[in-house]
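To convert, take the position in the sequence shown, counting from 1, and add 7; that gives this note's numbering.
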Amino acid sequence: MPISIILTKILEGMGVSVLLFAVTLVFSLPLGLLISFGRMSKYSILRVITSVYISIMRGTPLMLQLMVIYFGPYYIFGLTISPEWKNFAAAISFVLNYAAYFAEIYRAGIESMPKGQYEAARILGYSRAQTFVRIIFPQVVKRILPPVTNETITLVKDTSLAYTIGILEMFSTARALASAEASMLPFVFAGVLYYILNAVVAAVMVKIEKKMNYFR
Numbered sequence: 008m009p010i011s012i013i014l015t016k017i018l019e020g021m022g023v024s025v026l027l028f029a030v031t032l033v034f035s036l037p038l039g040l041l042i043s044f045g046r047m048s049k050y051s052i053l054r055v056i057t058s059v060y061i062s063i064m065r066g067t068p069l070m071l072q073l074m075v076i077y078f079g080p081y082y083i084f085g086l087t088i089s090p091e092w093k094n095f096a097a098a099i100s101f102v103l104n105y106a107a108y109f110a111e112i113y114r115a116g117i118e119s120m121p122k123g124q125y126e127a128a129r130i131l132g133y134s135r136a137q138t139f140v141r142i143i144f145p146q147v148v149k150r151i152l153p154p155v156t157n158e159t160i161t162l163v164k165d166t167s168l169a170y171t172i173g174i175l176e177m178f179s180t181a182r183a184l185a186s187a188e189a190s191m192l193p194f195v196f197a198g199v200l201y202y203i204l205n206a207v208v209a210a211v212m213v214k215i216e217k218k219m220n221y222f223r
């Protein structure tokens, strides 16, 4: 098979990986913030529920979570699994998993803020919501950017786990081509593209971090 065709197929798989990456970030970041609020809630029931959720998501392999969510409807409810379900199952699994990690990052950032800032804002007449949105959260974002960057880079690589439920992302495409061609070249192409994706992510996050430098 010509190298151009191999590269084209791997690029198609990369498109699937990038889509899964984007969907995960778009939904897991805000969901993680909501879960962090539950984790810090004054209501013990909500704290327990979110703590258990985070513990399960972080304490079990993402691959296992993928398989449970994908096969769950069939084995638990006896429902027929449609071909399209694997795409939704992958998105749901990744979002739920990464939201747990982002929740703990948010919580650490929020709890690291000095209490004096809340008191000063209250004296100035800010409501609790206004204090968080206008004063606390921008500083939290600045503080949590490094760990968020690490998780985002990990997410790029973790998209390869979607192959376990039959999604033809970049890694599974490269593996199939390497097996068919008896060649390491597809893996080399995939490795280079993963590296490029992570380099782009890292560069973007560094640029965002520099723009947040006025929060010192």
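All residues carry an ideal CB built from backbone N, CA and C; glycine is no exception.
The structure displayed is predicted, hence computed values, not measured ones.
Pro154: member of the alpha helix (DSSP H) spanning Phe144 to Asp165, first to last residue.
According to the DSSP assignment, Val33 belongs to the alpha helix (DSSP H) that extends over Ile10 to Arg46. The three-state secondary structure of Tyr50, taken from DSSP, is coil. For Met212 and Glu158, the gap between their C-alpha atoms comes out near 11 Å. Measuring C-alpha to C-alpha distances from Ile76 to each of Val102, Ile61 and Arg54 identifies Val102 as the nearest.
Inter-segment contact for the stretch 142-149 and the stretch 114-129 is present: three or more beta-carbon pairs are separated by less than 8 Å. With respect to Thr156, Ala206 sits apart: the two C-beta atoms are not nearer than 8 Å.
If you compare the alpha carbons of Tyr113, Ala97, Ile56 and Val59 with that of Leu36, the shortest gap goes to Tyr113. Per DSSP, the unbroken alpha helix (DSSP H) holding Gly79 starts and ends at Leu69 to Phe84. Here Ala97 really is in contact with Ile172; their C-beta atoms are around 6 Å apart, less than 8 Å. Residue range Leu192 to Lys218 is occupied by the alpha helix (DSSP H) that includes Pro193. Under the three-state reduction of DSSP, Glu188 is assigned to helix.
Within the same chain, and ignoring the five residues on either side of Met8 in sequence, the residues whose Cβ sits closer than 7 Å to its Cβ are Glu188. Only residues of its own chain outside the window of five on either side were considered, and among them Thr138 and Ile142 have a CB closer than 6 Å to the CB of Ala128, listed in chain order.
For the options Met177, Ile99 and Ala136, the alpha carbon positioned closest to that of Met64 is the one of Ile99.
Around the beta carbon of Ala29, fewer than 16 other beta carbons sit within 10 angstroms, so the residue counts as exposed.
The stretch 176-188 and the stretch 11-29 touch, with three or more beta-carbon pairs separated by less than 8 Å. For Ala128, the uninterrupted alpha helix (DSSP H) run begins and ends at Lys122 to Ile130, by DSSP.
Distance from the CA of Gly79 to the CA of Asn220, rounded to the nearest whole angstrom, comes to 46 Å.
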